Each structure stands twice: as structure tokens, then as C-alpha cells.
Amino acid sequence: MADIMTPALGESVAEATVARWTKKVGDAVKRDEMLIELETDKVSLEVVSPADGVLTEIVAAEGETVLPGALLGRVTAGAAASPSAPASAPVAAPAPAPAPVAAAAPVAPSVRRIAAETGLDTSTVAGSGKDGRVTKGDALAALEARAAAPAVAAAPSAPRPVHEREDRVKMTRLRQTIARRLKEAQNTAAMLTTFNEVDMSAVMALRNQYKDVFEKRHGVKLGFMSFFVKACVEALKDVPDVNAEIDGTDLIYKNHYDIGVAVGTDKGLVVPVVRDAETLSLAGIEKAIGALGKKARDGQLSIDDMQGGTFTISNGGVYGSLMSTPILNAPQSGILGMHKIQDRPMVVGGQIVVRPMMYLALSYDHRVVDGQGAVTFLVKVKDYIEDPQRLLLDL
Amino acid sequence: MAQYDVVIIGGGPGGYNAAIRAGQLGLKVACIEGRGTLGGTCLNVGCIPSKAMLHASELYELANKDFAKMGLEGKVTVNLPVMLQQKADSVLALTKGIEFLLKKNKVDYIKGWGRIAGPGKVAVKAEDGTETVLDTLNIIIATGSEPTPLPGVDVDQKRIVDSTGALVIPEIPKSMVVIGAGIIGLELGSVWRRLGAEVTVVEYLDRITPGMDGETAKTFQRILTKQGVKFKLGTKVTGAKASKTGVALTLEPAAGGDAETLNADYVLVAIGRRPYTDGLGLETVGIVPDKRGFIANDHFKTSAPGVWVVGDATYGPMLAHKAEDDGVACVELIAGKAGHVNYDLVPSVVYTFPEVAWVGKNEEELKAAGIAYKTGKFPFTANSRAKVNHEGEGFVKVLADATTDQILGVHMIGPQVGEMIGEYCVAMEFSASSEDVARTSHPHPTRSEALRQAAMGVEGWTMQA
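Those protein sequence lines, which keep their order, are chains V and C. Taking our numbering, the leading residue of the first sequence gets 1, the next gets one more, and so forth. Taking our numbering, the leading residue of the second sequence gets 396, the next gets one more, and so forth.
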């Protein structure tokens with residue numbers, strides 16, 4: 001008998017939800033065959049069978065939340081698959097909720113009522129009763145503290161009825177995490193957005209001239225994103241505040257440039273990070289983005305792929321957005337919004353000419369970045385893109 | 396003789412429970428008792444025999460006053476010698492039971508009067524006058540208390556009795572004066588009133604049962620008055636003259652005024668109890684009791700190394716169950732464990748009919764402490780079980796913190812409430828809120844439902860009244 005355990009989930013990931021079992025109890029399984037899909041706040045994980053044999057028990061049913069090290073199920077090694085589930089193993093019956101990993105102290109009736117009505121997680125409340133039990137007074141105080149903390153969403157009221165032409169779908173953990181983190185960023189940072197526009201003529205000309213050679217040489221297409229990553233790295237060097245973060249009453253300035261590139265997937269937006277972008281060539285950046293994008297679409301991104309960015313670029317232009325105000329990827333202090341390239345009449349040298357233009361948006365945390373720094377940053381990005389030779393000459 | 400781990404002076408609830416616990420924990424222990432029987436005041440001349448008399452007299456009164464209402468007819472008469480004998484038989488059986496428990500737990504029961512004879516030494520004087528000295532690492536003083544005498548009213552145990560004498564009066568008095576409107580006086584006064592005596596309670600204070608919640612005490616006094624007890628409050632007794640056939644008491648208003656004389660067949664002096672710590676050899680280890688005789692303690696430790704004190708001989712409510720808790724906790728501390736007594740939650744019970752029981756703070760104490768509280772109250776008239784039993788007098792009152800809803804005090808007067816207060820003791824020991832009790836299923840139909848309904852009342856959702 002081999003236990004299937006929840007693997008380590010990575011830094012700062014506390015729990016996972018069992019999204020899917022690919023096998024039923026009684027099915028034959030092979031060692032290293034994918035058995036379970038777990039969803040965490042950040043990624044989907046696959047759990048494989050620890051042995052050849054038969055899946056004999058599902059402990060954590062689909063939809064249940066598990067902690068690292070928790071038992072998911074059991075495989076009996078070497079056993080032959082049975083045509084139907086063995087009678088002794090209840091398959092269909094929803095498994096009783098697994099005991100929480102830490103044995104919880106019994107909860108008083110009043111506290112149970114409060115938890116049920118307000119969604120208060122009593123395991124997080126410090127108990128003042130006998131042997132640390134949570135009393136009604138403790139629960140009420142915790143509720144009051146929660147109400148006082150604006151960051152936390154209001155307690156869910158009773159679910160409203162779903163009408164005929166509506167569907168109720170549970171948010172995936174990824175969606176829940178996106179929702180929570182966006183709101184946290186909004187509630188924490190003094191966020192505002194500054195705009196500029198950039199003439200894409202030069203970059204487009206460069207790209208048109210070299211795209212075939214580039215692809216032949218490097219095996220990846222030459223896109224605009226690499227130019228923007230490069231431009232941002234240079235601009236961040238000039239305006240280090242945008243690459244800093246707040247930690248308590250300190251500011252942490254980062255001398256490495258790890259640029260998160262927001263990628264839309266069918267499950268939601270994820271932001272894998274291009275590491276040490278300042279050391280990469282345009283080709284190196286394109287390769288890194290290409291590899292991360294593929295992993296994201298395949299659901300193969302690891303948590304490490306998404307942690308530790310210092311700045312983020314979001315390109316709403318691929319969907320046709322002309323202008324937007326991106327939300328910070330906390331604890332970062334800046335995010336660049338790229339948009340759709342649109343031919344617009346521009347006045348150049350006293351003449352009205354048609355130019356491919358893109359609006360740029362920089363949302364920033366005004367607690368860290370001054371208006372002057374933010375505007376300077378965006379102008380630098382604009383300058384690098386309009387005159388990419390500056391990137392070459394380090395100007 | 397080998398050295399003991401613990402020698403306990405006194406075989407009452409504090410001493411014998413300490414001894415049993417010490418035996419359980421594997422300590423070598425001796426328990427010294429000079430009375431000849433174990434169980435102390437409580438079992439021999441206190442709680443237990445008084446309950447035997449209360450129970451019997453309650454049934455007698457019930458038979459002659461309430462049976463007819465239920466369609467039961469016939470006159471019941473009292474055979475006092477039999478009543479006293481069944482009481483004595485029960486007491487004897489229980490004292491033997493404790494002797495058995497000590498043996499079972501390998502406690503040396505040493506008959507005689509114990510006295511500290513210097514550090515680590517306890518001298519025991521047997522009935523025949525021989526003295527032996529025990530060597531011990533620890534001494535626990537569990538000598539209990541005795542009735543407080545009243546100057547000018549000398550107890551002769553014939554016509555002027557204390558709580559001990561009141562349990563063996565050989566005839567039913569025509570009249571009896573109880574001096575002191577405390578728990579003991581009201582219980583024993585009730586016994587003799589039920590059996591036929593005209594009882595007058597004289598109390599120096601202007602209220603009965605000090606320490607009891609004020610509203611509850613008022614209700615209690617009203618019910619006792621209805622039963623025929625007369626009260627002379629705010630009155631002091633200045634003298635007593637006993638003759639062969641009765642006693643003439645001289646009374647004066649406590650605030651000053653004209654004296655009067657009150658005659659009665661018997662007088663019961665029940666003005667309180669005082670620690671029994673004289674002649675204990677305390678001076679040999681340097682312990683100085685306070686002027687009332689109490690021995691101070693810090694977690695049961697006295698000022699003398701290796702000498703401990705529990706029960707009535709030290710501070711706290713003079714109750715058998717408090718002494719028992721003390722004894723257990725003290726021995727656990729001696730054994731290196733975490734013994735502890737929560738003195739805020741020692742319940743009190745008055746075993747009259749109706750009974751009165753309470754635990755925690757009363758309204759007066761909460762007001763004095765400036766604690767905002769909410770009240771839930773439920774009358775037994777609205778309780779179905781009490782109603783069909785013709786026992787509708789009284790109420791349950793729950794006091795809970797206005798903010799946290801934690802139960803702070805419970806005060807009950809009504810049928811069998813002494814048996815039911817334990818529910819709230821457990822709840823309060825776990826810092827329960829009124830809602831916790833209100834949301835706990837109680838069997839129907841029982842009087843215990845009143846406890847739940849009162850808890851509901853704290854947050855305004857009493858359902859059956």
C-alpha cells in the first residue's frame with residue numbers, strides 16, 4: 001500500500017484544492033502516471049502515482065482543500081485492477097471531510113454560529129478560554145477587528161438564489177487569488193496612473209527589416225515585447241524608485257531587473273517573470289518570454305516561475321485595448337501598460353503625418369515614486385522605443 | 396518509623412480528599428483524625444446529617460400539605476427517634492466508606508489528635524493518652540472550623556444548641572429561635588419548623604443570607620415567611636438565660652433602642668464558623684494565624700517550609716467542596732503537578748425548600764465593579780415540570796457580560812436547583828457565553844429547561860415565558 005501525499009506547494013503557498021482525479025477507485029495505475037490535479041493560489045500541480053498497482057482509496061475528494069503532506073489517496077502496489085470498484089471501498093459516496101491536519105479544539109455553540117454566519121475562521125482566533133478555547137467574546141472581538149480592517153472583503157451574506165438564466169460557478173483558486181491580490185494592491189498602494197504615447201515607426205521598421213534573419217538565427221520571432229522589456233530595464237536603472245518596494249517603514253531598492261510579463265491563459269491571467277532581464281539580449285528576452293508563455297498555456301508554470309518580479313509589463317493591446325490603467329502587482333511599485341498600435345495623424349516637423357502610435361500607461365505607487373519620477377520613467381521608455389539605437393549605445 | 400511524604404492533620408473533606416489524591420499519586424501519606432470517625436464536620440455534624448433531616452422533614456411537610464392536592468389522602472406522623480436514627484445510620488455508613496477509600500488508596504489512617512511538633516514532625520495523641528511522633532516531608536493542615544460562639548449566649552447543647560446540637564434535639568420544640576440568618580441557621584430552622592416548631596430567626600444585619608444575590612435573597616425571605624418563619628432583622632441578641640424548660644433571650648435593635656425579651660423552647664446559635672487552629676503547635680514552625688485564627692497561604696503554602704493549609708483553616712468560602720478542591724490541588728502541587736482551584740467559581744447551595752444555588756458574581760458585585768452586564772431570568776411557574784409537580788416558586792437568573800456574553804453569575808431559587816447549578820459551573824469553567832447554554836439541548840420536560848430559558852433571556856429570546 002502506497003500513500004499518495006500532497007507535495008510541497010512552494011514558498012508562501014499554504015494549501016491546494018483537489019481539482020480533478022483522473023482515476024477512479026479500482027482503476028489500474030502506473031508509477032508516475034498523473035493521478036490528481038491540484039490547484040493552488042498560483043498554479044496547477046500534477047500529482048503522480050507513487051507505484052504500479054490499483055487506486056484503492058480516494059481520501060481527498062474533488063473540491064477539498066489539502067495542506068502539504070496531507071494524504072490524498074492510496075495505491076495498492078502490484079494489485080490487479082478490478083472491473084468494478086471493490087465493495088469495501090466507497091467510491092461514489094463523497095468522502096467525509098478529512099480531519100484538519102491540526103486537531104482543532106472543540107468549538108462552543110455560539111462560536112460555531114458566528115463562524116457559520118460570518119465566515120470567521122475560528123482557527124485563526126486566539127482563544128482565551130480553558131486550554132486556549134475560543135470563546136464567544138474572542139469570536140466577537142475577532143469579528144470587530146475584521147470589520148476594522150478595510151482590506152478584508154465584507155462577510156459573505158447568504159448566497160442569493162440563482163435564477164433560471166444564471167449559472168453559479170465556484171471561482172477557481174487562481175481566480176480567487178487574482179481577485180484577492182488585485183484588491184489588496186488597490187487597498188495598500190497609493191496608486192495612480194500617468195500616460196504617454198509612443199511612435200512605433202522605428203521599432204516596426206527595425207523589426208520588419210530583421211525579423212526573418214532574427215527568426216532564422218534565434219528560433220524565435222522578434223516581437224515588440226523584447227524592446228519594451230529592454231526599454232523598461234534601462235528606464236528602471238534611471239528611475240530606481242520604480243524598481244523598489246516598501247517593507248514596513250523601509251524601502252528596498254533592487255539592483256536586479258526581473259520583469260513580470262502578464263500572460264493571458266484560458267484559466268486567467270498569470271505573470272511569469274523574465275529573470276535578470278538586464279543581462280539578456282533581445283533574443284534572450286524573446287526566448288524567455290516564449291518559453292514562459294508556452295508553459296503558461298499548458299498549465300505547466302511552476303510557482304518559482306512567477307515569484308520575485310520587480311516590475312511588470314501588461315499588454316492589453318493584444319486584445320485591442322487603446323488605453324487602460326493597470327493595477328500594480330504588489331509589492332512592486334510600477335506596472336507598464338502597453339496598448340494597441342493605431343495609425344493616427346501626428347504633427348511631425350509642422351506636417352501632419354500618419355504614424356503607428358501606442359498609448360503607454362504607468363501605474364505606480366505614489367508612496368514610493370514621485371510624479372516626476374513616474375513621468376520621467378515613461379518618457380525614457382518612449383525615447384528608447386522611438387529611437388531604439390539608444391538601447392544599443394546605452395544612452 | 397519511615398518518613399512520610401505527607402502527613403495530613405484532619406480527616407474532613409479537605410483532609411481525606413487530600414489523602415486519597417496523595418495515595419493515587421503514589422505518595423506515602425498518613426491522615427490523622429481525632430474524632431473517631433472520618434469525614435469531619437461535614438459528614439458527622441454538618442452537611443450530611445442536616446440533609447438527612449431536611450429530606451425527611453421535607454417529605455413530612457409535603458405529605459401533610461401537598462399530597463391532598465394530588466389526590467393522596469392520609470395523615471403522616473413523625474417518629475423522631477426513628478428519624479434521628481436513620482440519619483445516624485447513614486452518617487455511620489458514609490464514615491466507614493471513607494475509611495475504606497483511605498485503605499484502598501494505601502493511606503495510613505491514624506486515630507488521635509495531631510499537632511505540629513517542629514519542622515517535619517507531627518505528634519499524635521491517641522485516645523489513651525499515648526503520643527507518637529511522625530516524620531514527614533510535608534504537613535497539610537486540614538483542621539477545619541467550629542461554630543463561632545456568641546458572647547452572652549452560652550451553648551450548653553441542651554436548650555442552647557449550635558449546629559451540632561440542633562441535629563440531635565430529642566423532642567420537637569414548640570418554639571425555636573435561630574440566631575443568625577445564614578445558610579446553616581435557615582436550613583436547621585426549616586427542619587424544626589417543618590416538624591412543628593414555631594421558628595423565629597433573629598439577624599443582626601438588615602438582610603438574610605449575606606453574600607447571596609440581593610433579589611434572590613429577598614425572594615427567598617418572602618418564601619420562607621410564607622412558610623411560617625418569622626424574621627427579626629436588624630436585631631442583636633444581648634443575652635440568654637437558659638432554664639430546664641426553655642430560654643429567655645434579650646434582644647435589642649441593632650441601631651439602638653428598647654430591649655425586649657423573646658422566649659423559646661430552644662435557641663440555635665448559627666452566626667458563623669471560625670477556623671479550628673488552636674493547639675496545633677503552629678508556634679513550633681513559626682506560623683502566626685490572623686486574629687480570627689485563619690492561616691494565610693500562597694498556593695496552599697504557609698509561611699513555614701513544608702507546611703501547607705487547606706479548607707476552612709485558611710481563607711475562602713467555608714464549604715466542603717472548596718476544602719476538597721483545596722486538598723486535591725495542594726497534594727498535586729506537592730507532587731509537582733499543576734494543582735489549581737478557581738475560587739471565582741465555587742458554587743453555593745442552600746438546601747431548604749425551595750433550594751437556592753448560585754455561582755459566580757451577583758448583581759451587587761457586578762455593579763460595584765462597574766461591569767456592564769445583561770440579565771436573563773426565567774420563572775419556574777413557566778416551567779412545565781415544576782408546574783405539574785406543584786413546585787412553581789422561584790426563578791433562574793443568568794448574568795452575562797454585555798459585550799462578550801460570557802456568563803458572569805447564575806442565581807437560582809427553586810426546586811432541586813442545587814442539583815442543577817453544576818451545569819453552569821462547567822459552562823463557566825469553560826468561559827461559556829449565555830448563548831452556548833441557550834444553544835445546548837436540554838431534556839423536556841425537566842426543571843433544567845428553566846436554566847436554558849434563562850440563558851436565552853440574556854439576549855432576549857426566552858421562548859417559554
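No residue lacks a Cβ here, since even glycine has one placed at the ideal position from N, Cα and C. This structure is a prediction, so every number in the text was calculated from the model and none was measured.
Asked: Three-way DSSP call (helix, strand, coil) for H694 (chain C) in this model; Found: coil
Asked: Contact with chain C by A108 (chain V), beta-carbon distance below 9 angstroms; Found: yes
Asked: Three-state class that DSSP yields for V783 (chain C) in the structure shown; Found: helix
Asked: Cβ distance (whole Å) where G435 (chain C) is taken to contact P408 (chain C) below 8 angstroms; Found: 6 angstroms
Asked: Cβ neighbours of G789 (chain C) in the same chain (closer than 6 angstroms, five flanking residues each side left out); Found: P749, F775, I808 and G809
Asked: Beta-carbon gap between L846 (chain C) and V783 (chain C) smaller than 9 angstroms; Found: no
Asked: Listed by chain order, chain V residues near A827 (chain C) by CB distance under 7 angstroms; Found: A108
Asked: 6 angstroms Cβ shell around D305 (chain V) - same chain, five flanking residues per side excluded; Found: P272
Asked: Cutoff 9 angstroms: Q616 (chain C) Cβ touching any chain V Cβ; Found: no
Asked: Whole-number beta carbon distance between V853 (chain C) and I771 (chain C), since they are thought to touch under 8 angstroms; Found: Contrary to the premise, residue 771 (chain C) reads as Gly rather than Ile in this sequence. Right, their Cβ atoms sit about 4 angstroms apart.
Asked: Member of V:K211, V:Q176, V:L301 and V:S281 whose CA lies at the smallest distance from the CA of E46 (chain V); Found: V:L301
Asked: Residues of its chain near V379 (chain V), where Cβ-Cβ distance is below 6 angstroms and the 5 sequence neighbours each way are ignored; Found: none
Asked: Local Cβ density within 10 Å of R146 (chain V), reported as buried at 16 or more and exposed below that; Found: buried
Asked: CB of A70 (chain V) within 9 angstroms of CB of A60 (chain V), strictly; Found: yes
Asked: Listed by chain order, chain V residues near E830 (chain C) by CB distance under 8 angstroms; Found: P109, S110, R113 and K136
Asked: For V738 (chain C), the nearest candidate out of C:D721, C:G429, C:D660 and C:A414 (CA to CA); Found: According to the sequence as given, residue 738 (chain C) is Tyr; it is not Val. Nearest C-alpha to Y738 (chain C): C:D721.
Asked: Under 9 angstroms between C-beta atoms of W587 (chain C) and S698 (chain C); Found: no
Asked: Identified DSSP bridge partners for E57 (chain V); Found: V:R74
Asked: Contact check, M171 (chain V) vs A77 (chain V), beta carbons under 9 angstroms; Found: no
Asked: Contiguous alpha helix (DSSP H) assignments of at least 4 residues, all confined to the region 275-301 of chain V; Found: 282-297
Asked: Outcome for D461 (chain C) when other beta-carbon atoms lying within 10 angstroms are tallied against a minimum of 16; Found: exposed
Asked: Proximal residues to D138 (chain V) (C-beta, below 6 angstroms), its chain only, five neighbours per side dropped; Found: V125, G127 and S128
Asked: Rounded C-alpha distance that separates L644 (chain C) from C426 (chain C); Found: 42 angstroms
Asked: Inter-stretch contact (C-beta, 8 angstroms, three-pair minimum) for the region 516-525 of chain C and the region 640-655 of chain C; Found: no
Asked: Neighbour flag for P123 (chain V) against chain C, beta carbons, 9 angstroms; Found: Just to set this straight, residue 123 (chain V) is Ser in the shown sequence, not Pro. No - not a single Cβ of chain C is within 9 angstroms of the one on S123 (chain V).
Asked: Counterpart residues of P648 (chain C) in DSSP-defined beta bridges; Found: C:T630
Asked: Any 3 or more C-beta pairs closer than 8 angstroms across the region 622-635 of chain C and the region 591-600 of chain C; Found: yes
Asked: Chain C within 9 angstroms of R297 (chain V), Cβ atoms only; Found: no
Asked: Beta strand (DSSP E) segment containing E526 (chain C), residue limits; Found: E526 to I536
Asked: 3 or more residues per run - each beta strand (DSSP E) lying fully within the region 206-277 of chain V; Found: 244-247, 250-253, 259-261, 263-265 and 268-270
Asked: Contact with chain V by R834 (chain C), beta-carbon distance below 9 angstroms; Found: yes
Asked: C-beta neighbour in chain C for L120 (chain V), strict 9 angstroms; Found: no
Asked: Bridge partners - A795 (chain C), DSSP secondary structure assignment; Found: C:K769 and C:I802
Asked: Contact with chain C by A141 (chain V), beta-carbon distance below 9 angstroms; Found: yes
Asked: Among V:E33, V:V13, V:L391 and V:I246, nearest to V66 (chain V) - alpha-carbon criterion; Found: V:V13
Asked: DSSP three-state assignment for P98 (chain V), whether helix, strand or coil; Found: In this prediction, P98 (chain V) scores a pLDDT of 40, lower than 50, which makes its location untrustworthy; the coordinate-derived value is nonetheless stated afterwards. Three-state DSSP puts P98 (chain V) in coil, outside helix and strand.
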